[in-house]
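Colleague: For reference, the structure I am asking about is given below.
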Amino acid sequence: MSAGFADIDWARPWLAPIEPRGKRWQAAALTGYADYLATLNEDASAAALFTGRGRPLAFIAQEELPAGASYEGHIAQTGRVPTRHNLHDFFNGSMWFAYPRIKAVLNARQAEQIDERGIGPTRGGVRDGLTLFDENAVLFACADAALADSLRGFQWRALFIDQRAAWGTRCEARIFGHALLEKLVAPYKACTGHAWIVDVPADYFTLDDAGRRALIDERIAQSVLDAPLDSRAFAPLPVLGVPGWWGANASPDFYDDVSVFRPGRRNR
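Numbering-wise, the sequence shown is residues 262 to 529 according to the numbering used here.
This is how it looks when you write it as structure tokens:
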């Protein structure tokens with residue numbers, strides 16, 4: 262089924278980095294599952310992408326995943342990404358192209374954990390952290406430590422109102438988590454991502470979109486390679502609070518909703 266693909270609104274600012282390829286994928290997905298997979302594989306072949314263990318990337322139908330095989334382990338070993346005909350896997354595939362180094366590192370670390378611990382009823386702390394990143398991360402690129410401190414400290418007024426002019430010149434947010442992107446096809450105020458903060462030089466903000474993505478893809482991939490990943494490594498970020506992402510947040514009153522913009526334990 263192609264239900265949901267027609268609902269993607271490419272005017273949403275958080276989709277801008279994946280729009281050109283995404284529109285072609287959307288058209289193929291609306292035509293049918295086979296056309297969709299063929300389009301993904303044409304792009305994968307042209308981009309020469311690789312998995313966490315250096316296998317050339319390709320996309321296969323979900324039913325081709327062998328019985329009993331782990332999803333991440335299969336990708337690492339074979340290079341083939343089981344892909345359903347739905348929005349969740351649509352955005353997952355998009356991230357392999359937008360941030361290939363980060364995706365490869367996440368896959369490699371997942372596969373290592375599976376090799377060491379096997380597949381059990383629970384993932385374990387490291388795999389939970391890797392999954393959280395993959396599903397719900399927001400990449401917060403920042404050239405001003407005070408802004409990063411405001412995010413970590415739940416200082417929403419400082420981050421979104423007092424320093425509003427800093428967005429796009431000293432900090433920015435980029436959505437990476439494919440489950441979060443799926444939710445944002447039908448946005449609601451409480452949509453919250455897990456922000457991974459990455460320091461960038463001031464001239465990062467003079468680069469075009471491709472240059473910015475390449476820089477943070479490399480930096481974050483390196484930081485995720487050895488990082489202890491758990492919920493404490495992230496900072497919650499209500500994504501519709503990002504200036505320019507939602508019309509209603511032009512009013513300072515938007516941020517007074519403490520059910521969304523919570524004070525947090527660190528402030529209390």
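For each residue, glycine too, the CB sits at the ideal point set by N, CA and C.
Owing to the predicted nature of the structure, the values given are computational and were not obtained by experimental measurement.
#1: If we count Cβ pairs, one from each stretch, closer than 8 Å, do we get three or more for the segment 391-406 versus the segment 436-447?
#2: So, for residue 422: in the same chain, excluding its five sequence neighbours on each side, which residues have a beta-carbon less than 8 Å away from its beta-carbon?
#3: Return the CA-CA distance between residue 430 and residue 276, expressed in angstroms with no decimal places.
#4: Check whether the Cβ of residue 448 sits closer than 7 Å to any heavy atom of the ligand FAD, and report yes or no.
#5: Between residue 503 and residue 472, what straight-line distance do the alpha-carbon atoms span, to the nearest angstrom?
#6: For residue 274, which residues of its own chain have a beta-carbon under 7 Å away from its beta-carbon, when the five flanking residues on both sides are left out?
#7: Might you give, ordered along the chain, the residues of its own chain that have their beta carbon closer than 7 Å to the beta carbon of residue 418, omitting 5 neighbours on each side?
#8: Between the segment 317-326 and the segment 336-353, are three or more C-beta pairs nearer than 8 Å?
#9: Give the DSSP bridge partners of residue 403, in chain order.
#10: For residue 309, collect the residues of the same chain with a Cβ closer than 8 Å to its Cβ; drop the 5 residues on either side in sequence, then sort them by chain order.
#11: Taking 8 Å as the threshold (C-beta atoms), are residue 461 and residue 402 in contact?
Modeller: According to the structure shown:
#1: yes
#2: For the purposes of this step, residue 422 is identified with residue 161 of the sequence shown, where counting begins at 1. Once the five neighbours on either side are set aside, the close Cβ partners of residue 422 are 513 and 516.
#3: One-based indexing of the sequence shown puts residue 430 at position 169. One-based indexing of the sequence shown puts residue 276 at position 15. Straight-line Cα distance between these residues: approximately 19 Å.
#4: Absence of the ligand FAD from the depicted structure is noted, as is the absence of any ligand whatsoever, leaving it without description.
#5: Taking the first residue of the sequence shown as 1, we reach residue 503 at position 242. Taking the first residue of the sequence shown as 1, we reach residue 472 at position 211. Spanning the two alpha carbons is a distance of roughly 21 Å.
#6: The residue given as residue 274 occupies position 13 in the sequence shown. Cβ within range, chain order: 505 and 506.
#7: In the sequence shown, residue 418 corresponds to position 157, counting from 1. Excluding residues within five positions, the ones whose Cβ falls inside 7 Å are 516.
#8: yes
#9: Counting from 1 along the sequence shown, the entry for residue 403 is found at position 142. According to DSSP, residue 403 bridges with 432 and 460.
#10: The count along the sequence shown starts at 1 and reaches residue 309 at position 48. If we look at residue 309 and ignore the five residues flanking it on each side, its Cβ neighbours are 317.
#11: Indexing the sequence shown from 1 puts residue 402 at position 141. Indexing the sequence shown from 1 puts residue 461 at position 200. In this structure, residue 461 lies closer than 8 Å to residue 402 by Cβ.
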